[in-house]
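Inspection log for the structure reproduced underneath, given as structure tokens.
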Ligand code: SF4
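Numbering (the numbering used here), first residue to last: 15 to 392.
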């Protein structure tokens, strides 16, 4: 049986960042009610036969909540699930919300992987993004995390900001490397509807980075980090070695099973996907009344599963396992899509071996259009 992951959505933030459309609220006054509801949801949805090898506290800003909150939840998860030895337990934290004492208590309470939302080491860019912390606070958080005993540390960065040159981004990457993280996630800035950033763009407050600029920054990311010894194992993710890949996030790309708890959290057990209501008060109210907080569900048909397999497979350097694809869908991808695959291989976007179809870095950069071309002929 494939071990499952568990995601817990902690929906509190000190302030909303200007680009963010994740579900969170800035009033932390409902922490206790939230914990009660989350506990009820975990117990009500317990799968005692599921083996769990990754637990992820995401958000939101989980590090706004004190360490005992997570200790209690981990104890409840341990009662409701079979937890594998060596389970990866990640907590997302924001610089400015953590100090040594808090980090040491997280570590002592069982959290063994810390993911810091640094986003940039340039204060002007942090200000543009509407982040609450400074670059100095990010460095202080990294130092405190190391002293607290975290030997598996990930940093998140954002690139593709207006007027961001390759040189400026390279400087940001070098500062991140100087902190010696085990993992780096580098995301392109996206413009979600109804965010302050999108409104500023629409009103002409700034001009977004162009496609060519973003492609150059993507290429720089891969070159700089791979030259520093990182493996580029997923479009946006880099690990200092295979043992430092995010076990939890790899489940999303591998379509492995995971359970999501908390408002807006998604769950997946192929071919079924479901998601919780994205509203804290409704979430608490439903759980308090003995119900669940599921808002929607879908069962994917074979065609949808095939599209997802291609789309998610080509996000990863490991690509698509062609034998597994044929066994699952009863057709050979490399035969059905040969007319699309061959020119993409010839142009250096894909690699084809008898076992796998994998993207090159150039192919990862054009992931969406390559996936669409492939799935269009299946
Ligand atoms: S801290 Fe994270 S979740 Fe909260 S608003 Fe900023 S980006 Fe969104």
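We put the CB at the ideal spot given by N, CA and C, even for glycine.
Here the structure is a predicted model, which is why all the values come from computation and not from measurement.
Judged by DSSP secondary structure, residue 53 falls within the alpha helix (DSSP H) whose first and last residues are 45–58. In this structure, residue 289 and residue 326 do not form a Cβ contact; the two beta carbons are roughly 17 Å apart against a cut-off of 8 Å. The three-state reading of DSSP puts residue 311 in strand, counting E and B together. Excluding five sequence positions before and after residue 339, the CB atoms of its chain that fall closer than 7 Å to its own CB belong to 323 and 347, given in chain order.
In the pairwise beta carbon analysis, the stretch 82–89 is classified as not touching the stretch 132–146: fewer than three pairs are separated by under 8 Å.
For the pair residue 134 and residue 171, the CB atoms are nearer than the 8 Å cut-off.
Fully contained in the stretch 275–339 are the following alpha helix (DSSP H) runs of length 4 or more, in chain order: 294–302 and 316–327. Secondary structure at residue 140: helix, using DSSP grouped into helix, strand and coil. Listed in chain order, the non-local C-beta contacts of residue 261 below 6 Å within the same chain comprise 68 and 102, local neighbours out to five positions each way being set aside.
Judged by DSSP in its simplified three-state form, residue 101 adopts strand. Annotated three-state conformation of residue 201 is strand, per DSSP.
Residue 23 and residue 279 do touch by the CB rule: their CB atoms are close to 4 Å apart, below 8 Å. Per the coordinates, the alpha-carbon of residue 331 lies some 44 Å from the alpha-carbon of residue 304. If the five residues before and after residue 15 are omitted, its C-beta is found closer than 7 Å to the C-beta atoms of 65, all from its own chain and listed in chain order. Less than 8 Å separates the beta-carbon of residue 301 from that of residue 51. Linking residue 372 to residue 269 through their CA atoms gives a straight-line distance of about 17 Å. The C-beta distance from residue 388 to residue 351 rounds to 5 Å, short enough to fall under 8 Å.
When the alpha-carbon of residue 35 is set against those of 201, 137 and 207, the nearest one is in 207. Residue 68 carries a strand assignment under DSSP once its states are collapsed to helix, strand and coil. The stretch 157–166 makes no contact with the stretch 206–224, as fewer than three CB pairs between them are under 8 Å.
Three or more beta-carbon pairs separated by less than 8 Å are not found between the stretch 120–129 and the stretch 208–226, which leaves the two stretches without contact. Taking the C-beta atoms as reference points, residue 27 is found nearer than 8 Å to residue 75. Straight-line measurement puts the Cα of residue 390 at about 11 Å from the Cα of residue 317. The closest heavy atom of the ligand SF4 lies 7 Å or more from the beta carbon of residue 274. Separation of residue 353 and residue 275 (C-alpha to C-alpha, rounded to the nearest whole angstrom) is 43 Å. In the DSSP assignment, residue 372 falls within the beta strand (DSSP E) that extends over 370–373. A residue is called buried when at least 16 other Cβ atoms come within 10 angstroms of its Cβ; residue 328 meets this threshold and is buried. It is roughly 12 Å from the alpha-carbon of residue 265 to the alpha-carbon of residue 281.
Counting of Cβ neighbours within 10 angstroms places residue 121 among the buried residues, the total reaching 16 or more. Note: residue 381 is not bridge-paired with any residue in the DSSP secondary-structure output. Look at residue 337: its beta carbon is at least 7 Å from all of the heavy atoms in the ligand SF4. Not one heavy atom of the ligand SF4 falls within 7 Å of the beta-carbon of residue 263.
For residue 120, the enclosing alpha helix (DSSP H) starts and ends at 114–122.
When distances are taken from the beta-carbon of residue 36 to the heavy atoms of the ligand SF4, the shortest one is below 7 Å. Between residue 40 and the set 233, 173, 357 and 293, the nearest pair of CA atoms involves 293. In this model, residue 314 and residue 21 are separated by some 21 Å (Cα to Cα).
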